[in-house]
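Mapping the sequence shown onto the UniProt record's numbering, position 302 (from 1) lands on 302, and the numbers just tick up by one.
Have a look at the structure below before the remarks.
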Amino acid sequence: MQLKTFKQFILSLFAFFTVFSINVLKVKAAIITPSIKAKGAIVIDEKTGQILASKNADKRYPIASISKLLIAYLVEKRIKENKISLNTKVKIPSGIVAISQETTITNVPLSATRSYTIKELLEDALLPSGNGAAIALGAAITGSVSKTETAMEKLLSSWNIKGVKIYSPAGLTNGEMGAYKDKSASDDAENKLSAKELAEVSRHLMLDFPSIRKITDKSSAVVSSTSGSSYTIENTNQLLKNIKSPYKFTGIKTGSAESIGGNFIGETRIKGQKVITVVLGSGSMTDESTRFVQTVSMLSQLNKASSIKKIAKSEGSAKLIAATGKNGKVKTINSYRYSLFVPKKKTSLVYSSIKVKKNISYPLSKGKMIGYDEVKTSSNLANDFLYGKYLSVKVDSNERVKETNFIVRAWRQLFFSKSFQTN
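Laid out in structure tokens, this is it:
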């Protein structure tokens, strides 16, 4: 009996340490875990995707009107494809007009008797967070509300954000979609994403379509009412004009819902680097200050705890199986400017050997990319990125190189392949 009890104890102990080790492996690194009033939060370096601050960043929460950033991306994509322009005029279907005139949700009232330009609808959707305008934009570029929701899901999937169900192009609850609601879902169903996923969405929008800042950094805009008279709409992002904030913001979007409270995604600079901030569930739905105060607090905590390490221009070499010259050696150069955030304690940069890309074509011209350096820091706290545990820095050939003959290539491949760099 005692032996059986001892065996059970050993098995329980083994199970505990197995679960413990798995959970440890799941822990994500970040320079700080911000001490702020928010359910989920993250700060990333916009250029590198480095995760700088993180709090419950992988848990999905209701995102409310932040959903409109996906609409903005789809619109900008159509503009880039020359399928529409900012001056393209749109007629508003009666069902969407009805939603836009609903006073219980945030809106810019629209009319079925006039046309609106894409630019007008973008301003209506992104500044005061007009729900009708966002739904109208989606329907205009996809053909219907349901097709818009599918397009948003496919866009997320293309960024490897899987398993997301979109119930409203504007971020409303399913029940608030009126005639367009999903009858197979409950009325309180709503769009959900994590802080990390929203940082990725925002990074795509701001990097792929930088001109969107012409709208997101506006504190106000003049638009036309349903009767045709002009009036001013205000941006819900209070950090655009907060002179007390030490940070200058250029966007991006607020969101509010009873189920989560206040959400905010911002874009600003810290230590000269452009960063994206996300706070979810900060203050109540009607609270007009907490999410912004907590964002600034998070940035200040990060600013105090971090410093910058610049990745300098460097020259080196790589050994390529197909290259002419002694041992296939090719001169290389990294001339791309990047910086990494690191903890303020002594931290150095760590470079891996070059990872050579597949199918290099010859002759190899000077300045042609041949692969990547994998760069990380000596501190694990700084080694977390949206796409892995290191930064991939492009490496170019620093000389013109011809392809060696078949016999030499075959000889190297057969007997010395381990001494050459491959992907």
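Where a beta carbon is used, it is the ideal one built from N, C-alpha and C, also for glycine.
Counting C-beta neighbours from all protein chains within 10 Å, is the total for S186 16 or more, i.e. buried, or is it exposed?
It is exposed - the Cβ of S186 has fewer than 16 other Cβ atoms within 10 Å.
Mapping DSSP to helix, strand and coil, what is I71?
helix
Measuring CA to CA, which of V401, A189, S94, K55 is closest to K114?
Per the sequence shown, residue 114 should be read as Arg rather than Lys. It is S94.
Give, in chain order, every unbroken run of the beta strand (DSSP E) that is at least 3 residues long and sits entirely within the region 210-284.
220-224, 230-234, 252-257, 261-270, 273-280
Starting from I333, trace the alpha helix (DSSP H) both ways and give me its first and last residue.
No alpha helix (DSSP H) contains I333, which is instead part of the beta strand (DSSP E) from 329-334.
Just reading off the alpha helix (DSSP H) that T148 is part of, what are its end residues?
145-158
With burial defined as no fewer than 16 other Cβ atoms inside 10 Å of the residue's Cβ, what is the status of E128: buried or exposed?
Checking the displayed sequence, the identity of residue 128 turns out to be Pro instead of Glu. By the neighbour-count rule (16 or more Cβ atoms within 10 Å), P128 is buried.
Bridge partners - Y116, DSSP secondary structure assignment:
V90
Would you identify the three-state DSSP class for S21, choosing helix, strand or coil?
Low per-residue confidence applies at S21: pLDDT is 41, beneath 50, and the placement is therefore not dependable enough to give any value.
Let's see if you can read the secondary structure: which residues bound the alpha helix (DSSP H) around S297?
290-305
Can you name the residues that DSSP bridges to I311?
Y338
Span of the alpha helix (DSSP H) around K418:
Element bounds for K418: n/a, residue is neither H nor E.
Check S397 in the structure and name its three-state DSSP category.
strand
For the pair the region 323-341 and the region 389-399, tell me if three or more CB-CB distances fall below 8 Å.
yes
Alpha helix (DSSP H) segment containing K196, residue limits
195-208
Using the Cβ count rule (16 or more neighbours within 10 Å means buried), how would you classify V24?
Any reading at V24 must be qualified, since the residue scores a pLDDT of 38, below 50, and its modelled position is unreliable; the value itself is stated next. With fewer than 16 Cβ atoms within 10 Å of its Cβ, V24 is classed as exposed.
Own chain residues within Cβ distance below 7 Å of G40, not counting five before or after:
K55, N56, A57, K59, Y61, S194, A195, L280, G281
Just verifying my parser: in three-state terms, what is the DSSP assignment at L391?
strand
Same chain only: Cβ atoms within 8 Å of K319, ignoring 5 sequence neighbours per side:
N327, G328, K329, V330, S419, F420, Q421
Taking the alpha carbon of A312 as the reference point, which residue from L340, T250, L86 has its own alpha carbon closest?
L340
Hey, D124 and I233: beta-carbon distance below 8 Å or not?
Closer than 8 Å, so yes.
Helix, strand or coil at Y362 [DSSP, three-state]
coil
Rounded separation between N160 and S230 - CA only
42 Å
Is P169 buried or exposed, if buried means 16 or more other CB atoms sit within 10 Å of its CB?
With 16 or more other Cβ atoms within 10 Å, it is buried.
Going by DSSP in three states, K77 sits in which element: helix, strand or coil?
The answer is helix: DSSP assigns K77 an H, G or I state.
Look at the Cβ atom of I215, then the Cβ atom of L205, and state whether they are nearer than 8 Å.
no
Which word fits R337, buried or exposed, when buried means at least 16 other C-beta atoms lie within 10 angstroms of its C-beta?
That one is exposed.
Terminal residues of the continuous beta strand (DSSP E) containing L349?
First-last of the beta strand (DSSP E) with L349: 349-351.
What is the rounded straight-line gap between the Cα of G371 and the Cα of K358?
8 Å
Report the option in K80, V342, F292 whose CA atom is closest to the CA atom of D384.
Nearest of K80, V342, F292 to D384, Cα basis: V342.
Please name the residue or residues paired with A318 in a DSSP beta bridge.
According to the DSSP secondary-structure assignment, A318 is paired through a beta bridge with V330.
Any idea if F406 is buried or exposed, counting beta-carbon neighbours within 10 angstroms, 16 or more meaning buried?
Under a 10 Å Cβ-count criterion, F406 is classified as exposed, with fewer than 16 other Cβ atoms of the shown protein chains found around its own Cβ.
Comparing C-alpha positions only, which one of S348, I42, R78 sits nearest to A139?
Nearest of S348, I42, R78 to A139, Cα basis: R78.
According to DSSP, residues forming a beta bridge with I44
I51, I276
Around the Cβ of E197, are there at least 16 other Cβ atoms within 10 angstroms (buried) or fewer (exposed)?
buried
Opposing strand residues paired with E374 [DSSP bridges]:
S392
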